[in-house]
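Numbering (numbering that gives the first Met the number 0), first residue to last: 0 to 362. A virtual CB, placed ideally from N, CA and C, is assigned to each residue, including glycine. Here the structure is a predicted model, which means the values were calculated and not measured.
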Amino acid sequence: MARFGIEEEFQLLDEDTLVPVPLGSAARAVLPSGAGEVKKEFLTSQVEFSTSPVGTLAAAREELTAFRRELASFARDHGAVAIGSGTPFGVGPEASVVESERYDTVADWLGHIVDSHHVDALHLHVEVPDEEDRVRALNAVRPWMPTLLAVSGNSPFADGHDTGHDSWRTVIMRRLPLSGCPPQFRDMHHYRTEVDRLIAQHVIPDVGSVCWAARLSAQYPTVELRLFDAQLSTDDALLVAALGRALVETAVGADDPVRTGDDIQASLWSAARHGMEATLVHPSNGELVAARDAVGLLVETIAPALKASGDLAFVEDALARVLQTGTGAQRQRAAYAESGIEALRALHRFASDGEVHDAARQQ
């Protein structure tokens, strides 16, 4: 059973307008740094929390829930709302890039893109000790990325409007040079050679700027899944973690996938636009498949790994909840349709307080 770690990015928004406010450094100064680690992020309105390397969902839940509650309490005390969402509802003039040598380099690289690069993600690290196994796993998870995105889309709003996309964050990320599906690699030497070439070509400033939706971590012996929007609730985060870990564990011994990068990129766009109503390219046979059916196929494929970790029942229950109450994007839209910013603010507060399910589940 592989260890894993979850990195979640949060934004602090003004409670009245849901526009980012520069409270990230103040939050980091007072939030506890016991289990897990509180880190700075790219924007002054952001905070990142990374769990410890853990072996069970229960251990991850304990750390994520404790941090979310502390962050929510800090936000309330400062007239703000802490959100787990791939994009904030609105973007105002207050939040800016955090001052640091690293972020100055990234901002210079992004150029004008940085002015609207308000995105928050969940990154999942899955430990794979052997480096060649990591490459094989990276290759094998590629065709499943659109299915994972369909389940986890959680950024329907931007600039105070409904974007029409379940994952507007994914659309924003497509402006970057290495966005979306990574190439297929022969081995670790091939992977490192390609990354070094991209740096020499000045496509990316450094290895830390590799921004494919899945990559090999430069710091840890992990496959890193970076396609997920920041998640609305702890349970949402744990669902994508369980699916992602089981997929990587299954992928280590899988045959090379047959899907092309173009197929996967097209399906990623469809998943970002339509979420669970998307039509995707089947990961194996190339036929078109409804996203809901692809999710069932994914669970069937990774069921042995889910059973081995004891996560199968949780995943089945969590997916049933998503089908009943919607993805994070759907729940955000439903709240806004109910009574605008007031209901959307209440939804974010309920989720960030560390509650297991959103308000709809309680009714």
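Looking only at S338, E341, Q329 and L346, the smallest Cα-Cα distance to T162 is reached by Q329. Judged by DSSP in its simplified three-state form, E299 adopts helix.
Around the beta carbon of H164, a 10 Å sphere encloses 16 or more other beta carbons of the protein chains shown; the residue is thus reported as buried. Counting other Cβ atoms within 10 Å of its Cβ, S208 reaches 16 or more and is therefore classed as buried. A buried status is given to V118, since no fewer than 16 other beta-carbon atoms sit within 10 Å of its beta-carbon. Per DSSP, R214 is one residue of the beta strand (DSSP E) stretching across A213 to L215.
If the five residues before and after A57 are omitted, its C-beta is found closer than 6 Å to no C-beta atom of its own chain. Taking a contact to require three or more Cβ pairs closer than 8 Å, the segment 143-154 and the segment 274-288 qualify as touching.
Sorting F88, Y190 and A1 by C-alpha distance to the C-alpha of R168 places F88 at the top.
Looking at the DSSP output, P19 sits in a beta bridge with L12. In this structure, DSSP gives A25 a helical state, which the three-state scheme calls helix. Judged by DSSP secondary structure, F48 falls within the beta strand (DSSP E) whose first and last residues are Q45 to S49. Taken in chain order, the complete alpha helix (DSSP H) segments of 4 or more residues contained in the segment 66-141 are 100-109 and 130-140.
Relative to the Cα of Q45, the nearest Cα in the group E62, V314, I198 and A25 belongs to A25. Annotated three-state conformation of V280 is strand, per DSSP. In this model, L42 and E315 are separated by some 36 Å (Cα to Cα). Excluding its 5 nearest sequence neighbours in each direction, L343 has C-beta neighbours in its own chain below 6 Å: A334 and Y335, listed in chain order. Under the three-state reduction of DSSP, A317 is assigned to helix.
Cβ neighbours of Q264 within its own chain (closer than 7 Å, five residues either side excluded): G179 and C180.
Between L311 and the set G295, T324, Q323 and G325, the nearest pair of CA atoms involves G295.
Residue Q10 holds the alpha-carbon nearest to the alpha-carbon of S84 among E126, Q10 and G78. Contact between F227 and L123 holds, since their C-beta atoms are separated by about 7 Å, short of 8 Å. In summary, D13 is buried, with 16 or more beta-carbon neighbours lying within 10 Å of its beta-carbon over all protein chains present. Runs of the alpha helix (DSSP H) lying entirely within the segment 171-220, each at least 4 residues long, are 187-199 in chain order. By the 16-neighbour rule on beta-carbons within 10 angstroms, H189 is exposed.
As DSSP reads the structure, F156 sits in a beta bridge with D161. Leaving aside the five residues that flank T104 on each side, the residues in its chain whose CB is nearer than 8 Å to its CB run, in chain order, P204 and D205.
A straight-line Cα-Cα distance of about 11 Å links L305 and T55.
For I263, no pairing in a beta bridge is given by DSSP. The Cβ atoms of G4 and S72 lie no closer than 8 Å to each other. The residues S178, in chain order, have a CB closer than 6 Å to that of M172 in the same chain once the five nearest residues on each side in sequence are set aside. P145 counts as buried, since at least 16 other C-beta atoms from the protein chains shown sit within 10 angstroms of its C-beta.
According to the DSSP assignment, L30 belongs to no beta strand (DSSP E), since it is labelled neither H nor E. Under DSSP, D228 takes part in a beta bridge, and its partners are A120. Per DSSP, the unbroken alpha helix (DSSP H) holding V247 starts and ends at T233 to A250.
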